[in-house]
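Residue numbers (our numbering), protein chains in the order written: chain R, 2 to 328; chain E, 31 to 308; chain W, 129 to 541. C-beta: ideal position from N, C-alpha, C; glycine also. Note that this is a predicted model, so its numbers are computed, not measured.
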Amino acid sequence: MTEPLPDRAAGAAETTSPSWSRRRQPLTRARAFRISVPYLLIFPVVAAIAVILGYPLYNLVKLSFEKYGLFELIRHSGTWVGLDNYSSVLHDPVFWHTLLRTAVFTVVNVGLSIGIGTLLALLLVRVSAWVRILLTAGLVLVWSMPVVVAVQVWYWMTNFQNGVVNYALTQLRIGDYEQHDWYATTFSQLGMVTTLIVWGAVPFIVVTVYAGLAQVPSELVEAAEVDGARPWRVFLDVTFPILKPIFLILTSLSIIWDFGVFTQPYLLIEQSRIHASNFLMAIYLFEEGYFKSDFGRGAAISILMLVMVAGMSVFYVRRMVRMGDVE
Amino acid sequence: MSRRRRRARFVWNAVGIAAFVVMVFPVFWMISTAFKPDDEINRLKPTWIPFHPTLTHFRDAVNRPFFWVDVKNSLIIVVVTLVLSMTLAFLAAVALAKFRFTGRKLFIVLMIGIQMLPPAGLIIPLYVVLARYHQTNALTGVIVTYMTFVLPFSVWTLRGFIIGIPRDLEEAAMVDGSSRLGAFVRILLPLVAPGLVATSVFAFITTWNEYIFANVLLTDQSKQTVTVWLSYFYGTSRHTDWGALMAGSTLTAIPVVVFFLLVQRKIAFGLTAGAVKA
Amino acid sequence: MRARIIVAALLTAAVAAAASTAATAASKASAAKSITVWLQTDAQADNWKPIVAAANAQFEAAHPGVTVNVQYQTWGAHLQKFDATLAGGTAPDVIEMGNTEMTKYMAAGAFQDISSSKSSLPNSDSWLQGLALSGRYGGKLYGVPYYAGSRVVTYRTDLFKKAGLKVPTTLAQFQAFGAKLAKGQPKGFSPVYIAGTDWYFAMSFVFDYGGGIATQVSGKWKSLLASPKSVAGLTAYKTFFNAVSKASKTTDESHPNPYDVYAQGQAGSIIGPAWFSCCVGKQYTGVTGQFVVPSHTKGQVIPGFLGGSDLAVPLGGDKALGVDWIAAYTSTQSEKALQAIGNIPNSTALTNASKINERAATRSWFVPTAKNWVNVENGNILRNMLAQILTGKLSVRQAAASAGDNIESILNG
Numbered sequence: 002m003t004e005p006l007p008d009r010a011a012g013a014a015e016t017t018s019p020s021w022s023r024r025r026q027p028l029t030r031a032r033a034f035r036i037s038v039p040y041l042l043i044f045p046v047v048a049a050i051a052v053i054l055g056y057p058l059y060n061l062v063k064l065s066f067e068k069y070g071l072f073e074l075i076r077h078s079g080t081w082v083g084l085d086n087y088s089s090v091l092h093d094p095v096f097w098h099t100l101l102r103t104a105v106f107t108v109v110n111v112g113l114s115i116g117i118g119t120l121l122a123l124l125l126v127r128v129s130a131w132v133r134i135l136l137t138a139g140l141v142l143v144w145s146m147p148v149v150v151a152v153q154v155w156y157w158m159t160n161f162q163n164g165v166v167n168y169a170l171t172q173l174r175i176g177d178y179e180q181h182d183w184y185a186t187t188f189s190q191l192g193m194v195t196t197l198i199v200w201g202a203v204p205f206i207v208v209t210v211y212a213g214l215a216q217v218p219s220e221l222v223e224a225a226e227v228d229g230a231r232p233w234r235v236f237l238d239v240t241f242p243i244l245k246p247i248f249l250i251l252t253s254l255s256i257i258w259d260f261g262v263f264t265q266p267y268l269l270i271e272q273s274r275i276h277a278s279n280f281l282m283a284i285y286l287f288e289e290g291y292f293k294s295d296f297g298r299g300a301a302i303s304i305l306m307l308v309m310v311a312g313m314s315v316f317y318v319r320r321m322v323r324m325g326d327v328e
Numbered sequence: 031m032s033r034r035r036r037r038a039r040f041v042w043n044a045v046g047i048a049a050f051v052v053m054v055f056p057v058f059w060m061i062s063t064a065f066k067p068d069d070e071i072n073r074l075k076p077t078w079i080p081f082h083p084t085l086t087h088f089r090d091a092v093n094r095p096f097f098w099v100d101v102k103n104s105l106i107i108v109v110v111t112l113v114l115s116m117t118l119a120f121l122a123a124v125a126l127a128k129f130r131f132t133g134r135k136l137f138i139v140l141m142i143g144i145q146m147l148p149p150a151g152l153i154i155p156l157y158v159v160l161a162r163y164h165q166t167n168a169l170t171g172v173i174v175t176y177m178t179f180v181l182p183f184s185v186w187t188l189r190g191f192i193i194g195i196p197r198d199l200e201e202a203a204m205v206d207g208s209s210r211l212g213a214f215v216r217i218l219l220p221l222v223a224p225g226l227v228a229t230s231v232f233a234f235i236t237t238w239n240e241y242i243f244a245n246v247l248l249t250d251q252s253k254q255t256v257t258v259w260l261s262y263f264y265g266t267s268r269h270t271d272w273g274a275l276m277a278g279s280t281l282t283a284i285p286v287v288v289f290f291l292l293v294q295r296k297i298a299f300g301l302t303a304g305a306v307k308a
Numbered sequence: 129m130r131a132r133i134i135v136a137a138l139l140t141a142a143v144a145a146a147a148s149t150a151a152t153a154a155s156k157a158s159a160a161k162s163i164t165v166w167l168q169t170d171a172q173a174d175n176w177k178p179i180v181a182a183a184n185a186q187f188e189a190a191h192p193g194v195t196v197n198v199q200y201q202t203w204g205a206h207l208q209k210f211d212a213t214l215a216g217g218t219a220p221d222v223i224e225m226g227n228t229e230m231t232k233y234m235a236a237g238a239f240q241d242i243s244s245s246k247s248s249l250p251n252s253d254s255w256l257q258g259l260a261l262s263g264r265y266g267g268k269l270y271g272v273p274y275y276a277g278s279r280v281v282t283y284r285t286d287l288f289k290k291a292g293l294k295v296p297t298t299l300a301q302f303q304a305f306g307a308k309l310a311k312g313q314p315k316g317f318s319p320v321y322i323a324g325t326d327w328y329f330a331m332s333f334v335f336d337y338g339g340g341i342a343t344q345v346s347g348k349w350k351s352l353l354a355s356p357k358s359v360a361g362l363t364a365y366k367t368f369f370n371a372v373s374k375a376s377k378t379t380d381e382s383h384p385n386p387y388d389v390y391a392q393g394q395a396g397s398i399i400g401p402a403w404f405s406c407c408v409g410k411q412y413t414g415v416t417g418q419f420v421v422p423s424h425t426k427g428q429v430i431p432g433f434l435g436g437s438d439l440a441v442p443l444g445g446d447k448a449l450g451v452d453w454i455a456a457y458t459s460t461q462s463e464k465a466l467q468a469i470g471n472i473p474n475s476t477a478l479t480n481a482s483k484i485n486e487r488a489a490t491r492s493w494f495v496p497t498a499k500n501w502v503n504v505e506n507g508n509i510l511r512n513m514l515a516q517i518l519t520g521k522l523s524v525r526q527a528a529a530s531a532g533d534n535i536e537s538i539l540n541g
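Structural data, given as structure tokens:
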């Protein structure tokens with residue numbers, strides 16, 4: 002049998018045996034094979050990524066230290082300016098406002114996505130089979146909408162002249178929303194973007210959590226219920242611990258995606274309304290770096306974004322890595 | 031079923047249906063608009079259900095230049111990316127979840143780190159690399175690009191599913207005593223099937239819907255993907271044909287639905303297997 | 129079993145991908161030569177396609193063995209794609225650029241100098257001044273004028289007749305139409321539908337009152353937006369908008385398309401290119417007319433923004449073939465065809481004063497020819513300023529001053 006990760010008991014045994022005794026074990030062909038198996042397994046992935054992303058990553062870092070505009074792009078060479086790009090970005094008040102705005106935006110989006118997604122997954126367990134099929138079919142339909150299409154539909158539904166949302170809200174007497182401009186203020190613009198993103202993110206969350214719920218042994222749940230535990234207590238004590246790895250993945254992925262989201266806000270707010278007052282980080286990167294053809298600056302912003310996202314997800318990532326060890 | 035249980039079930043069903051209506055409304059609106067005649071689309075008072083449905087928008091969309099070619103391109107790109115990525119990612123995820131080896135932490139950091147890269151930052155350097163090997167304006171160039179984005183989160187997600195399998199399920203499945211690596215993988219596969227399917231559906235959707243890289247890398251309209259094809263509906267400063275755009279959108283969404291229908295049985299199988307084992 | 133399926137699928141897919149790449153390689157090898165032309169997707173319209181096809185046929189007849197590969201781009205993404213091709217060395221042989229986009233790329237050296245071919249280009253001695261300027265930099269010729277556009281008023285003749293209104297001769301008259309046309313119409317009806325941030329139209333007011341956007345003073349750009357004349361123009365725009373338009377104050381001139389609003393019966397008139405008359409809806413086609421926007425001074429036309437496109441040969445493209453294709457596409461015959469479908473042709477030898485869009489272009493304004501101007505456009509400085517003014521977030525003076533500072537730092541940066 003190939004070498005599985007040791008559990009707690011075995012791990013204790015392994016660490017107490019002195020290292021010199023391990024070295025004394027002969028390097029048989031079988032043993033060499035066992036050691037090399039994991040490397041063989043990860044080799045294709047590492048190779049694929051290294052070949053394609055290796056140079057672009059190196060180039061990205063190099064560019065961030067160079068003055069590289071359209072002029073330099075055409076001549077394929079830039080001039081070294083050290084930390085000037087970083088300094089210029091970090092001294093730009095727009096950068097800091099955008100960062101704050103994006104952080105708040107990310108928290109709201111991630112929270113709503115995972116919250117609503119989990120609730121729907123739990124709902125799926127509790128409904129009759131036909132409702133489950135209906136809801137799952139609906140989620141698949143939502144999930145299969147290309148982002149660019151969803152944006153167009155959103156724009157169409159919320160448009161100033163004859164959007165169905167304005168019509169419905171007015172008819173339901175929630176207020177006079179006739180000719181309401183949903184894109185007049187930054188808050189409203191980002192609010193619309195949030196509804197779009199959460200709506201699009203929920204299906205994946207539901208499917209993943211639901212698949213995870215399948216791994217929860219039903220007799221544990223039933224035992225807890227028989228003991229008289231309330232549903233949310235059952236969730237916290239039985240379901241959640243088993244689903245923890247999945248929640249950690251979903252949260253870290255959602256943070257990464259929502260912090261760097263580009264297509265939805267860019268297309269929904271529309272290129273003509275994008276302005277420093279409603280920038281999100283990825284849009285700031287695109288506008289400052291690529292629209293202005295200042296690629297050195299764009300690269301610096303990319304690296305800064307990478308550092309920030311890494312910082313935000315380090316808590317979850319460390320938990321995930323540690324979880325794998327304990328298992 | 032007890033009365034209390036029945037009432038609870040009724041309430042849950044009602045909530046489920048309400049959730050369905052809210053979630054699906056935009057999709058419904060898209061499909062409904064695709065079938066509405068132009069005057070109904072532009073009217074101030076919305077027509078909820080088209081009572082005079084028309085197929086002209088679908089005809090217009092399909093007859094737009096390069097529709098079928100671009101659909102073919104999308105299918106090739108997505109299927110190849112999916113198959114290659116799932117295979118490679120599964121192997122790597124097994125290594126990560128089941129083995130301890132030097133460099134493991136580094137590999138994990140790499141998998142997560144790559145997902146944190148803002149794609150916009152990579153467009154031009156990636157284009158330069160691909161241009162060097164004549165992979166711009168080529169499907170293979172797009173495939174390898176998509177693979178590098180799909181692989182990290184697939185590895186990451188699959189690892190989570192593999193770890194999540196309760197030990198006793200795994201051990202019960204291994205009672206046969208198979209000692210070869212192949213058998214080990216073959217036993218693990220059905221247990222992680224729901225996770226594999228969820229990940230592959232997501233990979234399918236991500237690559238099918240991707241726009242930014244496909245747009246920059248593929249300049250020839252005969253090589254573009256169907257997502258880029260859609261952008262020509264609203265990228266012009268002239269008339270936006272909403273009916274045709276919605277019809278085109280509906281058409282581009284169909285393959286994903288089909289794919290999900292094909293694999294949903296696997297999810298169900300995985301679920302029941304888990305329940306039976308317990 | 130599963131493994132076998134996977135392997136089979138992999139092989140099939142790999143073969144398909146390889147086949148498609150092989151086909152590309154094969155077609156590259158078999159075609160003796162081909163040139164790549166990037167045109168904007170506007171040229172894919174049914175009435176425009178034949179003009180492109182005719183130019184291709186003429187070119188291919190003169191250059192046997194060379195095929196023309198036209199690739200259509202969208203306005204939103206084409207510059208990023210162009211940048212990528214410049215970086216990768218795969219730029220097209222001919223590219224269509226918006227006239228406001230030219231300066232930045234000319235200054236960076238993205239195009240080949242075609243000054244020596246000027247005399248061989250059709251009508252080059254009578255190119256429209258405004259357009260021709262956008263293709264020149266540092267005394268050299270880089271861009272060939274392709275076509276231009278202007279703005280006119282498309283209006284409902286029946287509504288005007290009912291309210292007893294004639295074609296206005298001054299802005300003040302036009303503004304007064306607002307109250308008369310709105311009578312009896314639903315709440316959202318715009319006597320003149322103007323999108324709030326339509327800076328192409330709004331800046332016409334600024335220039336009409338003698339103001340401007342920016343000017344170069346001893347090598348540095350100085351903003352004119354906060355000058356009294358410009359502020360007067362912007363204030364006049366705000367008054368005009370509030371009197372006649374119920375459009376969103378923060379939206380631009382293509383979301384929604386004004387003619388869609390018109391076709392819904394929500395507008396008494398719209399301001400835009402003359403070809404808007406194509407799409408005013410079946411029920412209003414018979415009661416639609418056009419007139420030029422008057423100035424605030426009687427008897428004059430308001431200065432209009434002379435939008436348009438140029439054709440250039442990027443670095444790395446085939447200069448000889450590229451110029452020949454451009455010559456075929458901007459031939460007198462071709463330009464006349466473009467004129468027939470509602471564009472302004474590139475030469476005064478071809479202009480026709482009976483065409484309303486050309487009359488509107490008799491007074492025109494253009495953006496500062498600075499290499500960073502495109503960044504001002506992309507940063508939506510002017511649009512944001514208009515939104516702030518119309519929503520009342522800032523006073524006209526404050527908004528103009530803030531936008532002016534922004535513009536100065538971008539143009540000089």
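Item: Residue 442/W - DSSP class collapsed to helix/strand/coil; Value: strand
Item: Alpha-carbon spacing of residue 287/R relative to residue 208/R, whole angstroms; Value: 32 Å
Item: Distance, residue 429/W Cα to residue 364/W Cα; Value: 16 Å
Item: Beta-carbon proximity check, residue 279/W vs residue 396/W, cutoff 8 Å; Value: no
Item: Sufficient close CB pairs (3 or more, under 8 Å) joining the region 249–264 of chain R to the region 177–194 of chain E; Value: yes
Item: Range of the contiguous alpha helix (DSSP H) that encloses residue 193/R; Value: 187–214
Item: Start and end residues, alpha helix (DSSP H) containing residue 171/R; Value: 165–172
Item: Contact set between the region 180–198 of chain R and chain W, restricted to residues whose Cβ is under 8 Å from the partner; Value: 180, 182, 184 and 185
Item: Beta-carbon neighbours of residue 74/R, restricted to chain W and to distances below 7 Å; Value: 211, 214 and 215
Item: Contact between the region 97–113 of chain R and the region 256–270 of chain R (3+ Cβ pairs under 8 Å); Value: yes
Item: Assigned secondary structure, residue 276/W (DSSP; H/G/I helix, E/B strand, else coil); Value: strand
Item: Residue 248/E (DSSP reduced to helix, strand or coil); Value: coil
Item: Beta carbon proximity, residue 281/E to chain R, threshold 8 Å; Value: no
Item: Partners in chain R for residue 394/W, counting only beta-carbon separations shorter than 8 Å; Value: 162
Item: At least 3 beta-carbon pairs within less than 8 Å: the region 503–512 of chain W vs the region 479–494 of chain W; Value: no
Item: Chain E residues whose Cβ lies nearer than 9 Å to that of residue 96/R; Value: Those do not exist, as residue 96/R stays about 14 Å from chain E at its closest Cβ, beyond 9 Å.
Item: DSSP-derived helix/strand/coil call for residue 494/W; Value: coil
Item: Test: residue 154/E CB closer than 8 Å to a CB of chain A; Value: This model lacks chain A altogether; the protein chains it does include are R, E and W.
Item: C-alpha distance - residue 29/R paired with residue 223/E, whole-angstrom precision; Value: 35 Å
Item: Closer than 8 Å to chain E by CB, residue 208/W; Value: yes
Item: Buried/exposed call for residue 262/E, threshold 16 Cβ in 10 Å; Value: buried
Item: Identity of the residue in 70/R, 107/R and 54/R nearest residue 309/R by Cα; Value: 107/R
Item: Terminal residues of the beta strand (DSSP E) in which residue 167/E lies; Value: Residue 167/E -> no beta strand (DSSP E), and no H or E assigned at all.
Item: Cutoff 8 Å: residue 251/E Cβ touching any chain R Cβ; Value: no
Item: Min CB distance residue 116/E to chain R below 8 Å; Value: no
Item: Inside the region 209–292 of chain R only - alpha helix (DSSP H) runs reaching at least 4 residues; Value: 219–227, 232–235, 241–260, 264–269 and 282–286
Item: Backbone CA spacing between residue 265/W and residue 535/W [nearest angstrom]; Value: 21 Å
Item: Residue 175/W burial status per 10 Å Cβ neighbour count (16 or more: buried); Value: exposed
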